[in-house]
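K.L.:
Residue numbers (full-length UniProt numbering): 1 to 56.
(1) Could you tell me the alpha carbon to alpha carbon distance between residue 40 and residue 24, rounded to whole angstroms?
(2) Verify whether the separation of the beta carbon atoms of residue 20 and residue 28 is less than 8 angstroms.
(3) What did DSSP end up calling residue 45 once you bin it into helix, strand or coil?
(4) Using CA atoms only, rank isn't needed, just tell me which of 17, 44, 46, 36 is closest to residue 7.
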């Protein structure tokens, strides 16, 4: 949870600095979350693949 809290604080700072509207916060937040998820999946895929686990 500590990493998630730090990430959320960083996103809130970005929103404030950019003076994002609610609509833009939703779009930008979703994009940033998607990028984190993609990064996680790439790492998980490498880790699972190294252990001989088949990923489908």
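Beta carbons are placed, not taken as given, at the ideal position from N, Cα and C, and that holds for glycine.
P.N.:
Looking at the atomic coordinates:
(1) 24 angstroms
(2) yes
(3) Reduced to three states, the DSSP call for residue 45 is helix.
(4) 36
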